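First up is the structure itself, then whatever we jot down about it.
In the UniProt record's numbering, the protein residues as written are 1 to 107.
See the structure below:
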């Protein structure tokens with residue numbers, strides 16, 4: 001359920017701050033994709049029979065950081081914003097593919 005709080009906090013902070021220079025359409029798509037990810041992760045069976053801290057990091061932290069990279073690429077000062085956004089999208093899509101493959105074939 002922490003994922004829902006993180007999702008809400010990211011959405012509120014994005015619309016409240018207005019610092020990001022990405023298009024609102026890309027922000028809506030990123031937030032919508034993250035929302036779908038959370039719904040699939042939390043409410044679509046089957047669920048993992050065992051838990052570990054590594055699973056929590058993969059399925060909870062990586063998507064949140066990826067969405068942050070898409071919504072706020074200017075926080076990464078070492079890379080150009082387009083690189084940060086692309087890595088954020090890649091992380092979000094990759095974790096979604098891993099989640100779906102585990103839900104379909106492993107659990």
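Using N, Cα and C, we set each Cβ at its ideal position, and we do this for glycine too. These numbers come from a predicted model, not from an experiment.
Distance between residue j and residue i (C-alpha atoms, nearest Å)
i          : j          : result
residue 17 : residue 44 : 33 Å
residue 80 : residue 88 : 13 Å
Residues near residue i by beta carbon distance below 7 Å, same chain, minus five either side
i          : result
residue 30 : 67, 70, 71
residue 96 : 37
Short Cβ contact (9 Å threshold) for residue i with residue j
i          : j           : result
residue 60 : residue 12  : no
residue 74 : residue 26  : no
residue 48 : residue 102 : yes
residue 57 : residue 98  : no
residue 40 : residue 1   : no
Anticipated Cβ contact below 8 Å, residue i with residue j, distance rounded
i          : j          : result
residue 42 : residue 76 : Actually they do not touch by this definition, with Cβ atoms about 28 Å apart.
residue 62 : residue 91 : 6 Å
Limits of the alpha helix (DSSP H) - the one that residue i falls within
i          : result
residue 18 : Per DSSP, residue 18 belongs to no alpha helix (DSSP H) and is neither H nor E.
residue 59 : Neither: residue 59 is in no alpha helix (DSSP H) and is coded neither H nor E.
heavy atom of the ligand NAD below 8 Å from residue i C-beta
i          : result
residue 40 : The ligand NAD is not part of this structure, which contains no ligands at all.
Neighbourhood of residue i by C-beta distance below 8 Å, restricted to the same chain and skipping five residues each side
i          : result
residue 14 : 20, 27, 31, 71, 72
Nonlocal neighbours in the same chain, by C-beta distance under 6 Å from residue i, ignoring five residues either side
i          : result
residue 84 : 69, 73, 76
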